[in-house]
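Numbering (UniProt numbering), first residue to last: 1 to 366. Positions of the beta carbon are idealized from the N, C-alpha and C atoms, including for glycine. Because the structure is a prediction, the values reported are computed rather than measured. Below is one structure, written out as C-alpha cells; the observations come after it.
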C-alpha cells in the first residue's frame, strides 16, 4: 500500500499511523501437524461438574484426591499465565525441587497464549532433566489444554501447541512420561496458587521471553493504535467539545454493562451521540418542519427530553429517586448518559434509564 498506492486515503492513514506492530519471531514447527503425537490431556476432575455450584473446600478435596490417585508417583509442575492491559507473563513452579521460572512476554498477548508459553517452558525444563521421570503438568487453563489436545488441527496459537507436542515427543524419546492435568483456579491448591503469584510477579520481574505474534495479537496492536489516534483527534477538535458525548464521557469509558433488548441498547447510544429522533435532530436532517417540542420549548433535543420537558415530569421524578439510591449527585445529563465509577452501579443506572424510556414511550418514538 505504501509503495504502490501512494495517492490513496488509506496510504495517508497508514503513513500517519505511529503505533507500529513490533518486530516478532516466528515459531516454525519442524513437522506437519498431522504427524504430531496425540498428547495425554485430562481436562476433568472426577466429581466436579460445575465449580460455581460447589464449596471451594469440596472442590479442593476432589482435586487433591485425583492428584493423589492418578499422579502420586509423578513430579508435579504447576504453570500459569497473567495478563494486564499492557503486558503478559508466564510462570512455572515445581514444588518438589522448589524450582521456579518467571517469563515476561515480549508483547501483550491473550491469556491463553500466556498459559501455552508457561506449558511450553515447563516441557523444556523437563527436557533439561537428564533423569527420566514421570511428570504431570497442572494448569487451570482449559482453552490451552484444548489446543494441546487438538494439536493436529489448525487453530490460532497452533504454532505454540505444535512446538509443545514436538518437545513432548523429544522428552518421551529420552524416557520421560508427561501428562497434562486441568485443575480449577483459586481454590487453595498450593502449587497452583504459587504459580499464580509468580505469574503476576513476572509482569515486572520476569525474564524476557520473545513469543510469536498471533493474528489476535496483531489485531490488538492495530486496535490500540487506532483508538489512540482517534482519541487524539477527538480531543483536538473544537467541535467535539460542543457535543453531549464530550460533556458526559470525554474519555469514552461508558459501557452498557448489562443485557438489553437491541432497540434499547441502540437508543442509549443514539441519545449519547445526539442522533435520537428528537424534533431537533429530525429538523436537522429535513424530516421535520420545526425543531420545537410539543410542550412549547424552542428546541426538543436530548437534554430537553431527559431533564426538562414537563410532559415526562412524573416519570422523571421516579427516575431521579431511583438514581438517588445509587449516589447523591444531582440529576444531570452526565449522570444519565455518562459512565459510573463501578460496574454494578452502571448496570443499575442503565436499567433505571431504560425503565424511564419505556414508561414514557420514548423507546418507541426516539
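Residue 100: first and last residue of the uninterrupted beta strand (DSSP E) it sits in: From DSSP, the beta strand (DSSP E) with residue 100 extends over 99-105.
Give me the Cα-Cα distance between residue 237 and residue 342, rounded to the nearest whole angstrom. Going from the Cα of residue 237 to the Cα of residue 342 covers about 29 Å.
Quick check on the DSSP output: the beta strand (DSSP E) that includes residue 76 runs from which residue to which? Element bounds for residue 76: 75-83.
What is the DSSP secondary structure of residue 177, reduced to helix, strand or coil? Looking at residue 177 - three-state DSSP - the assignment turns out to be strand.
Put residue 358 into one of helix, strand or coil per three-state DSSP. Per DSSP, reduced to three states, the secondary structure at residue 358 is helical.
Given residue 298, which residues of its chain have a CB within under 8 Å of its CB, disregarding the five upstream and five downstream residues? Same-chain partners within the cutoff: 291 and 292.
Counting Cβ pairs closer than 8 Å, one from the stretch 101-111 and one from the stretch 67-76, do we hit at least three? With the cut-off at 8 Å, the stretch 101-111 and the stretch 67-76 do not touch.
Terminal residues of the continuous alpha helix (DSSP H) containing residue 254? For residue 254, there is no enclosing alpha helix (DSSP H), as DSSP marks it with neither H nor E.
If I follow the unbroken beta strand (DSSP E) through residue 94, where does it start and stop? From DSSP, the beta strand (DSSP E) with residue 94 extends over 88-94.
Can you list, in chain order, the stretches of the alpha helix (DSSP H) that have 4 or more residues and sit fully within the stretch 317-361? Runs of the alpha helix (DSSP H) spanning 4 or more residues and lying entirely within the stretch 317-361 occur at 333-337 and 343-360, in chain order.
If you follow the beta strand (DSSP E) that residue 43 is in, where does it begin and where does it stop? Boundaries cannot be given for residue 43, as no beta strand (DSSP E) includes it and DSSP labels it neither H nor E.
By the three-class DSSP mapping on this structure, what secondary structure does residue 208 have? It is a strand residue.
Coil, strand or helix - residue 136 by DSSP: Strand at residue 136.
Proximity of residue 34 and residue 152 at Cβ, strictly below 8 Å: Yes, the pair counts as a contact, with Cβ atoms nearer than the cut-off.
Who pairs with residue 419 in a beta bridge, going by DSSP? With the chain represented from 1 up to 366, any question about residue 419 goes unanswered, as that position is not in the structure.
Taking 6 Å as the limit between beta carbons, can you name the residues of its chain near residue 312, skipping five residues before and five after? Taken in chain order, the residues that qualify are 360.
For residue 202 versus residue 106, is the C-beta spacing smaller than 8 Å? No, the pair does not count as a contact, with Cβ atoms beyond the cut-off.
Ends of the alpha helix (DSSP H) at residue 237? From DSSP, residue 237 is part of no alpha helix (DSSP H); its letter is neither H nor E.
Leaving out the 5 sequence neighbours to the left and right, which residues in its chain are closer than 6 Å to residue 274 when beta-carbon positions are compared? Result list for residue 274: 244 and 302, in chain order.
Assuming residue 127 is part of the alpha helix (DSSP H), what are its boundary residues? Following the DSSP letters along the chain, one finds residue 127 inside the alpha helix (DSSP H) bounded by residues 111-128.
Could you please give the first and the last residue of the uninterrupted alpha helix (DSSP H) stretch that includes residue 262? Taken as a continuous stretch (DSSP letters only), the alpha helix (DSSP H) holding residue 262 covers 262-272.
On a CA-only basis, which of 127, 165, 85 and 84 is nearest residue 32? Give me that one, please. Minimum Cα distance to residue 32 is reached at 165.
One question on the structure: do residue 123 and residue 181 come within less than 8 Å of each other, judged by their Cβ atoms? With respect to the 8 Å criterion, residue 123 and residue 181 are not classified as neighbours on the basis of their beta carbons.
If we ignore side chains and look at the alpha-carbon of each, how far apart do residue 18 and residue 213 end up? With a pLDDT of only 49 at residue 18, under 50, the local geometry of the prediction cannot be trusted, and no value is derived from it.
By Cβ distance, which residues of its chain are closer than 7 Å to residue 175, with the 5 residues on each side in sequence left out? Same-chain partners within the cutoff: 132.
Between which two residues does the alpha helix (DSSP H) holding residue 298 run? No alpha helix (DSSP H) contains residue 298, which DSSP labels as neither H nor E.
6 Å Cβ shell around residue 288 - same chain, five flanking residues per side excluded: Cβ neighbours of residue 288 beyond the five flanking positions: 279 and 282.
Between the CA atoms of residue 44 and residue 116 - distance to the nearest angstrom: Take the alpha-carbon of residue 116 and the one of residue 44: they are about 18 Å apart.
Check whether the Cβ atoms of residue 90 and residue 118 lie closer than 8 Å to each other. Result yes, Cβ atoms of residue 90 and residue 118 sit closer than 8 Å.
Under a three-way DSSP split, which group does residue 219 fall into? Annotated three-state conformation of residue 219 is helix, per DSSP.
Consult DSSP for residue 247 and reduce its assignment to one of helix, strand or coil. Looking at residue 247 - three-state DSSP - the assignment turns out to be helix.
Anyone know if the C-beta pair for residue 126 and residue 256 falls short of 8 Å? In this structure, residue 256 does not lie closer than 8 Å to residue 126 by Cβ.
Among the residues of its own chain, which have a CB less than 6 Å from the CB of residue 56, if the five just before and after it don't count? So the qualifying residues of the chain are 187.
Close Cβ partners of residue 276 (< 7 Å) along its chain, the five nearest in sequence each way excluded: The beta carbon of residue 276 sits closer than 7 Å to those of 267, 270, 302 and 366, all from its chain and outside the five residues before and after it, given in chain order.
Residue 258: which of 344, 171, 103 and 144 sits nearest, CA to CA? Residue 344 is the option with its Cα nearest to residue 258.
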